[in-house]
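Trainee:
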Amino acid sequence: MIRYAIKRLLMAIPTLLAMLTAVFILVRLVPGDPAAVMLGDQASAEALDALRKQLGLDLPMHLQYLNFLRDMLSGNFGASMATGRTVLHEVSLVLPWTLQLTGASILIGIVFGLPLGIWAALRRNAWPDYLGRILSLVGLSFPAFVSAILMLLVFSIELQWFPVIGSTGARTWTQQLHNLALPAFNLGLIMTAYVMRVTRASMLGVMGEDYIRTARAKGVRPMRLILRHGLRNALIPIVTVVGLYFGTLIGNSVLTEIVFNRPGLGKLILGALNSRDYTLLQGLMVVFASCVIVVNLITDLVYGLVDPRVKYK
Amino acid sequence: MSAVATPAVAKPNSVWQALRKNRMSWIGIGLLLLIVIAAVFAPLLAPFDPFQQNIAFRLEPPSAEFWLGTDSYGRDVLSRLIYGSRVSLLVGFVAILIAMCIGSALGILAGYVGGMVDQIIMGLVDVLLSFPTLLLGIMVAAMLGASLENLIVAIAITEIAPFIRVARAPTIALKQRDFVEAGRALGFGPIRLMGVHILPNMISDVVVLGSLWMASAIRTEASLSFVGLGVPPPIATWGSMIREGFEHILDAWWLTVFPSLAILITVLALNLLGDALRDAIDPKLRSERA
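Just so you know, the sequences run in chain order A and B. Note that the numbering used here has the first sequence beginning at 1, numbered continuously upward. Note that the numbering used here has the second sequence beginning at 1, numbered continuously upward.
1) State the DSSP-derived secondary structure class of B/D49, mapped to helix, strand or coil.
2) Three-state secondary structure (DSSP) at A/A79?
3) Between B/I27 and B/L272, how many whole angstroms is the CB-CB distance? I'm expecting something under 8 Å.
4) Going by other Cβ atoms of all chains shown within 10 Å of its Cβ, with 16 needed for buried, is B/Y112 buried or exposed?
5) Does any residue of chain B have a CB that is nearer than 7 Å to the CB of A/F68?
6) Show which residues of chain B have a CB atom less than 7 Å away from the CB atom of A/I293.
7) Could you work out which residues of chain B lie near A/G251, taking near to mean beta carbons separated by less than 7 Å?
8) With a threshold of 8 Å, are at least 3 pairs of Cβ atoms found where one atom belongs to the segment 180 to 189 of chain B and the other to the segment 94 to 112 of chain A?
9) State yes or no: is the C-beta of B/V208 within less than 7 Å of the C-beta of B/L277?
10) Which word fits A/T174, buried or exposed, when buried means at least 16 other C-beta atoms lie within 10 angstroms of its C-beta?
11) For A/T240, which of helix, strand or coil comes out of DSSP?
12) Does the beta carbon of B/R75 come closer than 7 Å to any beta carbon on chain A?
13) In this structure, does DSSP put B/T158 in helix, strand or coil?
14) Need the endpoints of the alpha helix (DSSP H) that B/R75 sits in, please.
15) For B/P61 and A/L99, I'd like the C-alpha separation in whole angstroms.
16) What residues from chain B crowd round A/L281, counting only those whose CB sits closer than 7 Å?
17) Going by C-alpha distance, which of A/Q64, A/L73, A/L244, A/I149 is nearest A/L182?
18) Cβ of B/G92 within 7 Å of Cβ of B/A217?
19) Check the Cβ of B/A146 against every Cβ in chain A and list those closer than 9 Å, keeping chain order.
20) In three-state DSSP terms, what is B/M1?
21) When DSSP labels each residue in this structure, what does A/T86 get in the three-state scheme?
22) Could you say if the segment 157 to 176 of chain B and the segment 103 to 110 of chain B meet the contact criterion of at least three C-beta pairs nearer than 8 Å?
23) Once DSSP output is grouped into helix, strand and coil, what is the label at B/A233?
24) For A/Y245, does the three-state DSSP call read helix, strand or coil?
25) Using a Cβ-Cβ distance under 7 Å, would A/P237 count as near chain B?
26) Using the Cβ count rule (16 or more neighbours within 10 Å means buried), how would you classify A/Q282?
27) In chain order, what residues of the same chain lie with their CB nearer than 6 Å to the CB of B/N22, ignoring the 5 residues before and after it?
28) Please state whether DSSP places A/Q282 in a helix, a strand or coil.
29) Determine the contact status of A/I258 and A/G266, defining contact as a CB-CB distance below 7 Å.
30) B/I102 and B/I157: beta carbons closer than 7 Å?
31) In whole angstroms, what is the alpha-carbon distance linking A/H89 and B/P232?
32) Mind checking which residues open and close the alpha helix (DSSP H) that includes A/I157?
33) Could you tell me which chain B residues have their CB closer than 8 Å to the CB of A/A18, listed as they occur along the chain?
34) Can you tell which of A/R200, A/I226, A/T199, A/V198 has the C-alpha that lies nearest to the C-alpha of A/Y211?
35) Determine the extent of the alpha helix (DSSP H) in which A/A43 is found, giving its start and end residues.
36) At a Cβ cut of 8 Å, what residues of the segment 207 to 231 of chain B count as close to chain A, listed as they run along the chain?
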């Protein structure tokens, strides 16, 4: 297990380097002079020169690349052009909001998705299964901002159950929860649809196994059969697939935050886009791609930890 | 002497038969047909010119004259929706086509050549998958600048990785089959072997995946348009219509609801079809159902 963990860790290094190279190339794809793009048409020649020097754009390409790698690997992801704060500082300012939202949505997804998925799998090709499959497909068809807008229209504007905008003013935790409810429910619904689908497929596979038949023949009680013998084995692929969903979850939370006007990564990215803050965008890309790589790594390690059948050479 | 190529994964006939049995896929196909008809015959179906501004009819709610209301420039929402289907479908389709061609070519190459080439291409897949899809799309679109072509390129890049994977796995199995071996013995070059002998045996898988991922491409298009990286105005896409309508969300619900429903119905139809297709080509699932 330890050898596998070390090997898996070493395997992440080339991915990380390749990811950084991809970001480097992507940023160099900007048509024309990046400095001119950042400063706009009106910029003076001196200002452009100064910015080029500051960004290291006057150096030959291979030196730019090495500098870039050195900075990124030492955790120096650059600073926002607009505010002057470092990328990590900017992220740390909004991260609690996004974590609150994504955490709540994952919780909703597990609480509703797991039981519904199990139920659908046990009632295969009966109405709970059909209904569940259609509903989860509908849930997965919503772009996150579309469902968010529809919820905003119905629950905030029409019924006025929830505040329309802003959640920075909330003082007490009940107010915060009230503000969090609708965005979290929006993300949570998509998460539920996803968890349910994966759970159903995984449970279907496991419940067809021989050891389930054996356990049933032995007279194991249905509840114990489903949870101990079935779900425990079905959980492994569920954990993996949900781990792989992390990247999509970030994207969906970005869109949800924009619609509900919540502080968080979404507004940070939108702000960076609108102010053409390319260093901030570049830094954000690196930070989040690194997060995905780390989450994938952890998912793989957890997989190895919980599944004794998997033998790693 | 000619090697008879038995399809390795799925026979088109059985896929078609499985589809016919699946009622959900019929709903998907029906909805898709309606949307494609709307896109193709947009000039005949749209009651008004989608670009015609009319200040006298600003933000009219849905009525007998304007079925889905008008926007803040007095343009007819229904007409813009119908014309918007052209751009949304086109972007999704072309982006997936590009991703499909590049992805399956790379996948076959990785599977066939193996070794270093395989490692490099699979490394590329890991890198592509390490970017959150939306962030990668935002980044590429922002770097290239907002235009129709760049939007398509940005979406295509986010969708390449799954095609590489799907083409690579059967290639590894196929290249050891007798008919490929025979072709090699006859002195056929690797390009001919990959293109003529291996590709046709997996094309149905790749196409099925394409329809499945077109839903994702259309969703990404809408999302990028919503954050302002879509096709520049005045061209209407569903995503940009929602973006414009979002500014009036408090007083003009029809500006956001109708394009939202259009996106939802299209993506759902593609997902219904894609799901049925995936069930149809996955032999494990098929035998379970029988």
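Every residue, glycine too, gets a C-beta built ideally from N, C-alpha and C.
Mentor: Checking against the coordinates, here is how it stands:
1) Of the three classes helix, strand and coil, the one that applies to B/D49 here is coil, per DSSP.
2) Assignment of A/A79 by DSSP, reduced to helix, strand and coil, places it in the strand class.
3) Confirmed, Cβ separation roughly 6 Å.
4) With a 10 Å radius around the Cβ and a threshold of 16 neighbouring Cβ atoms, B/Y112 comes out buried.
5) Not an interface residue.
6) The answer, in chain order, is S130.
7) Neighbours of A/G251 on chain B, chain order: P132, T133, L134, L135.
8) Remark: fewer than three beta-carbon pairs, one from each stretch, lie closer than 8 Å, so the segment 180 to 189 of chain B and the segment 94 to 112 of chain A are not flagged as touching.
9) Yes, these two residues count as a Cβ contact at 7 Å.
10) Under this definition A/T174 is an exposed residue.
11) If DSSP states are grouped into helix, strand and coil, A/T240 belongs with the helices.
12) So no, B/R75 is outside the interface.
13) When DSSP states are grouped into helix, strand and coil, B/T158 belongs to the helix group.
14) No residue range can be given for B/R75, since it is assigned to no alpha helix (DSSP H) and is classified by DSSP as neither H nor E.
15) Approximately 39 Å between the Cα atoms of the pair.
16) Per Cβ cutoff of 7 Å: M139, A142.
17) Residue A/I149 holds the alpha-carbon nearest to the alpha-carbon of A/L182 among A/Q64, A/L73, A/L244, A/I149.
18) With contacts defined by Cβ atoms closer than 7 Å, B/G92 and B/A217 form a contacting pair.
19) Taking a Cβ-Cβ cut-off of 9 Å, B/A146 has no neighbours in chain A, whose nearest Cβ is about 10 Å from it.
20) Below a pLDDT of 50, predicted positions are generally treated as unreliable, and B/M1, at 38, falls in that range; no measurement from the model is reported.
21) Strand.
22) As far as the Cβ criterion goes, the segment 157 to 176 of chain B touches the segment 103 to 110 of chain B, which means the pair count is three or higher.
23) The question names Ala, but residue 233 of chain B is Pro in the sequence shown. Residue state, collapsed to three classes: coil.
24) The answer is coil: DSSP assigns A/Y245 none of H, G, I, E or B.
25) Not an interface residue.
26) The residue in question, A/Q282, is buried, as its Cβ has 16 or more Cβ neighbours within 10 Å.
27) A276.
28) The answer is helix: DSSP assigns A/Q282 an H, G or I state.
29) Yes, these two residues count as a Cβ contact at 7 Å.
30) Contact annotation: B/I102 and B/I157 have beta-carbon atoms that are not nearer than 7 Å.
31) Rounded to whole angstroms, A/H89 and B/P232 show a C-alpha spacing of 33 Å.
32) Annotation: A/I157 is outside any alpha helix (DSSP H) and is labelled neither H nor E by DSSP.
33) The contacting residues are G123, L124, D126, V127.
34) Cα-wise, what sits closest to A/Y211 is A/I226.
35) Element bounds for A/A43: n/a, residue is neither H nor E.
36) Answer in chain order: A215, R219, A222, S223, F226, V227, G228, L229.
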